[in-house]
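Take a look at the structure below.
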Amino acid sequence: MTEQPQQPPQPGYGYPQPPGYPAGAPPQGAPQGAPQGGYPQGGFAAPGGYPQGGYPPGGYAGPGGYPPPPGTYTGDPHAPYGYDPYGRPYSDKSKIVAGVLQLTLGTLGVGRFYMGSVGIGLAQLFTCGGFGIWALIDGIMLLVSDSQTDGQGRILRG
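Residue numbers (the working numbering): 52 to 209.
Here you go:
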């Protein structure tokens, strides 16, 4: 078997060696055995065969990444508007619309009918919203509370 002739070591990745250094010798203070001279050029494999890092492909982040922002469509049929930070599904109803309806037409129970609470809506209709007091308190509670649910038990969107 024939021996291949030894070739002199190449300077790092196509960049010329700085003047005053012998060919293939790392500059002073550089760690021994580490590649010198910059990044590999495009189309060439990294030393040791390891792939270069980069951004993941488009779409949602993988495990351990950030979840989609609240209120966005997630493709889940049980929660078409996503989940709140506690994992509860969002409703298709808005708490702002429900609160404003309750403040303006609460004596007729319109805010509760909008939310899907037919029983409470009928009670407010027959009592004129608790003579207006029940409707006023209910409208304020709808606007400031974060735990109001619709008829299916989903949290009202903000």
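All C-beta atoms in this analysis are idealised placements derived from N, C-alpha and C, irrespective of residue type, glycine included.
All values reported here derive from a predicted model rather than from experimental measurement.
- Counting only the same chain and skipping the five closest in sequence on each side, list residues whose C-beta sits under 8 Å from that of Gly183. Gly157 and Thr158
- Got a sec? Which residues, its chain only, sit under 6 Å from Val161 by beta carbon, not counting five neighbours each side? Leu152
- From this set, Ser196, Ser198 and Ile171, which residue's C-alpha is nearest Trp185's C-alpha? Ile171
- Message: Considering only the alpha carbon of each residue, which of Cys179, Gln57 and Gly167 lies closest to Leu154?
- Response: Cys179
- Task: Determine which residues share a DSSP beta bridge with Gly184 and list them.
- Result: A small correction: the amino acid at residue 184 is Ile; Gly does not occupy that position in the sequence shown. BP columns for Ile184 are empty, so no partner.
- Query: How would you label Leu193, buried or exposed, when you count the other beta carbons within 10 angstroms and need 16 or more for buried?
  - Reply: buried
- Item | Where the alpha helix (DSSP H) containing Leu159 begins and where it ends | No alpha helix (DSSP H) holds Leu159; DSSP gives it neither H nor E.
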